[in-house]
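Asker:
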Amino acid sequence: MTGRERAWWENPEERNSRCSVAPGFRATLTQEGFAAAQEDAGPLLDISQFVTADTDNLTTITLPTGGYLTVGGVSFFVEARFDEKGLIKEDYRDGMVFALGYDGVVSIEGLNAGESWQNWSYNPDGSLR
101 MTGRERAWWE
111 NPEERNSRCS
121 VAPGFRATLT
131 QEGFAAAQED
141 AGPLLDISQF
151 VTADTDNLTT
161 ITLPTGGYLT
171 VGGVSFFVEA
181 RFDEKGLIKE
191 DYRDGMVFAL
201 GYDGVVSIEG
211 LNAGESWQNW
221 SYNPDGSLR
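One rule links them: number in the numbering used here = place in the sequence shown (from 1) + 100.
(1) Taking 7 Å as the limit between beta carbons, can you name the residues of its chain near residue 112, skipping five residues before and five after?
(2) Report buried or exposed for residue 227, applying the criterion of at least 16 other Cβ atoms within 10 angstroms of its Cβ.
(3) Can you check the region 111 to 139 for any alpha helix (DSSP H) of at least 4 residues that lies completely inside it and give the ranges in chain order?
(4) Quick check on residue 155: buried or exposed, where buried means 16 or more other Cβ atoms within 10 Å of its Cβ?
(5) Taking just the CA atoms, how far does residue 125 sit from residue 175?
(6) Could you check the C-alpha separation between residue 225 and residue 212 for me, to the nearest Å?
(7) Measure the CB-CB distance between residue 161 and residue 119 and report whether it falls below 8 Å.
As structure tokens, this is what we get:
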């Protein structure tokens, strides 16, 4: 990195994507956030199948065909669908979506597009700012 370039988390206003623009994302959640996500998903969706990394304080989930939308919290869609304008659709059947407040989500990274969302309250390692 040169002196003029900064990591995306150092300049979130430039790359704090509010929603998916292509299917596939990886989300880093606090342990409390992951527990809340499991509860919100309910009995029809076992989100533990999407866990790709787990530490004492963070859990990473990966949804290869999923999407996300941040409005008053974060909605996670197991399969992303988009309308004719390229905006993510919110009309999902039960069991295919779960939501969290912002406090449970550390960051989101698109797998197939340049989306990235960093919670301003957390450092990338999950520690509070």
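Glycine included, C-beta positions come from ideal geometry on N, C-alpha and C.
Answerer: Taking the definition as stated:
(1) Walking along the sequence shown from the start, residue 112 turns up at place 12. Any reading at residue 112 is ruled out, since the residue's pLDDT is 48, under 50, leaving its predicted position unreliable.
(2) For the purposes of this step, residue 227 is identified with residue 127 of the sequence shown, where counting begins at 1. Burial state of residue 227 is exposed, judged by a 10 Å Cβ sphere holding fewer than 16 other Cβ atoms.
(3) none
(4) What you label residue 155 is simply residue 55 of the sequence shown in a count that begins at 1. In this structure residue 155 is exposed. Its beta-carbon is surrounded by fewer than 16 other beta-carbon atoms within 10 angstroms.
(5) Residue 175 sits at position 75 when you count from the first residue of the sequence shown. Residue 125 sits at position 25 when you count from the first residue of the sequence shown. Put simply, the backbone Cα of residue 175 is about 12 Å away from that of residue 125.
(6) In the sequence shown, residue 225 corresponds to position 125, counting from 1. In the sequence shown, residue 212 corresponds to position 112, counting from 1. Their Cα atoms are separated by approximately 23 Å.
(7) The residue you call residue 161 lines up with position 61 of the sequence shown. The residue you call residue 119 lines up with position 19 of the sequence shown. Cβ distance not < 8 Å, so residue 161 and residue 119 don't count as in contact.
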